[in-house]
Amino acid sequence: MYGNRLYAEARGLAAYGPDLLEIHYRAVTYVDRILKGAKPAELAVELPTKFDLVINLKTAQALGLSFPQSVLNQATEIIQ
C-alpha cells in the first residue's frame, strides 16, 4: 500500500492518499495569497479533503492476490 497514486500506476499493488491535483491546487492558492501580501504565519493549515484509492488488478493478478468486491467498489480508480 502506497500513499500516492503514482506508485499504483507504476505497477504498485494499491495506493491510498490525498488527491494530488487538490494538493497542488491548494499550494498554488497559498502562493497566490502570499504574493498578494498575506503573511505565511497567519495562513491556516489546510488538510486534504479528497482521497484516492487506486488498485492495480494487473499487479494483484501477477502476485496471485485478489481484492474483495467491497474494496473494489470504494476504489477511485482500478487499473486493469
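Counting from 1 along the sequence shown, just add 27 to a position and that's the residue number in our numbering. All residues carry an ideal CB built from backbone N, CA and C; glycine is no exception. Bear in mind that the values here come from a model prediction, so they are computed numbers and not experimental data.
Worksheet item: According to the Cβ coordinates, are Thr86 and Arg38 closer than 8 Å?
Response: A contact, by the Cβ cut-off of 8 Å.
Practice prompt. Have a look at Glu36 and Glu104 and give me their C-alpha separation to the nearest angstrom.
Written response: 10 Å
Practice prompt. Specify, as a first and last residue, the run of the beta strand (DSSP E) that Asp79 falls within.
Written response: Phe78 to Asn83
Fill in: Stretch-stretch touch, CB-based, cutoff 8 Å, three pairs: the stretch 65-84 with the stretch 38-53
yes
Worksheet entry | Whole-angstrom C-beta distance between Ala54 and Val81, which should lie under 8 Å | So it is not a contact: roughly 21 Å between Cβ atoms.
Discussion item. Measuring alpha carbon to alpha carbon, tell me which residue in Gln107, Ile61, Ala65 and Ala42 is nearest Gln88.
Written reply: Gln107
Worksheet entry | Contact set for Phe110: own chain, Cβ-Cβ below 7 Å, skip 5 residues either direction | Any answer about residue 110 is impossible in this case: the structure gives the chain only from 28 up to 107.
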